[in-house]
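A short write-up of the structure that comes next.
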Amino acid sequence: MIDPDGFRPNVGIVLMQQDGRVFWARRVRRDGWQFPQGGIHTDETPLEAMYRELREETGLLPQHVEVLGATPGWLRYRLPPHAIRTRDRLVCIGQKQVWFLLHFRGQDSDLRLDLTDTPEFDAWRWVPFWYPLTHVVAFKRGVYARALQHLAPLARMVAGPEAVPALATPHADGPGPRSRQGKT
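So the sequence shown is residues 1 to 184, counted in the UniProt record's numbering.
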């Protein structure tokens with residue numbers, strides 16, 4: 001399903017441990033790492049799609065997580081020109097996403113990347129909360145920054161301010177932290 005503006009409805013999932021580290025996964029047969037995400041079917045709410053994608057991509061069930069919150073409305077990103085399939089009947093120029101922050105309540109052994117015939121990921125690890133901003137593919141950095149900035153206050157309520165510190169001044173396009181340096 002693609003909206004009239006060319007954006008595909010999608011959910012993004014930030015799965016966080018008690019210590020503030022987040023689930024970071026490597027795409028199958030690619031060098032790129034990202035958060036779990038996936039399309040919303042026409043008969044699903046964003047919450048229903050999130051639980052389906054969570055199961056498909058990580059093997060987790062609702063009892064393994066607690067939903068801490070979601071971004072209000074849609075966050076959008078555009079695909080790079082080489083990734084746009086212009087020969088398709090409906091041209092998708094990007095994704096519009098609702099992002100969910102989930103508190104992981106399970107064990108690492110509950111994570112299963114191989115439950116579908118076509119797994120999305122082949123490896124995973126826990127990384128600091130802001131790590132993805134400088135390690136995700138460039139065209140997704142802005143949407144990751146907006147999602148994490150919105151979800152950070154909720155994450156701090158669980159993990160504390162030391163685990164999820166305030167983000168330094170972000171770059172204009174939002175890819176990640178930048179430190180300010182004064183004149184000497």
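We put the CB at the ideal spot given by N, CA and C, even for glycine.
Computed from a predicted structure; not experimentally measured.
Considering only residues of the same chain and omitting the five flanking positions on each side of residue i, which have a CB-CB separation below 7 Å?
i: Val-11; result: Gln-37, Gly-38, Ile-40, Pro-46, Ala-49, Met-50, Glu-53, Gln-97, Val-98 and Phe-100
i: Gln-18; result: Val-158 and Ala-159
Mind checking who residue i pairs with in its DSSP beta bridge?
i: Ala-123; result: Arg-26
i: Lys-96; result: Pro-9 and Arg-76
i: Gln-37; result: Gly-12
i: Gly-69; result: Leu-101
With C-beta atoms as the reference, is residue i less than 8 Å away from residue j?
i: His-64; j: Arg-125; result: no
i: Arg-146; j: Leu-60; result: no
i: Leu-68; j: Val-158; result: yes
i: Ala-123; j: Ala-25; result: yes
i: Val-143; j: Ala-155; result: no
i: Gly-22; j: Pro-119; result: Per the sequence shown, residue 22 should be read as Val rather than Gly. The answer is no: Cβ separation not under 8 Å.
Could you tell me the alpha carbon to alpha carbon distance between residue i and residue j, rounded to whole angstroms?
i: residue 185; j: Val-137; result: Not covered by the structure: residue 185. The range shown for the chain is 1 to 184.
i: Phe-35; j: Ala-152; result: 15 Å
i: Ala-83; j: His-103; result: 32 Å
i: Glu-56; j: Ser-109; result: 16 Å
i: His-135; j: Gln-149; result: 16 Å
i: Lys-140; j: Gly-32; result: 11 Å
Check for me: the alpha helix (DSSP H) holding residue i runs from which residue to which?
i: Arg-156; result: 141–159
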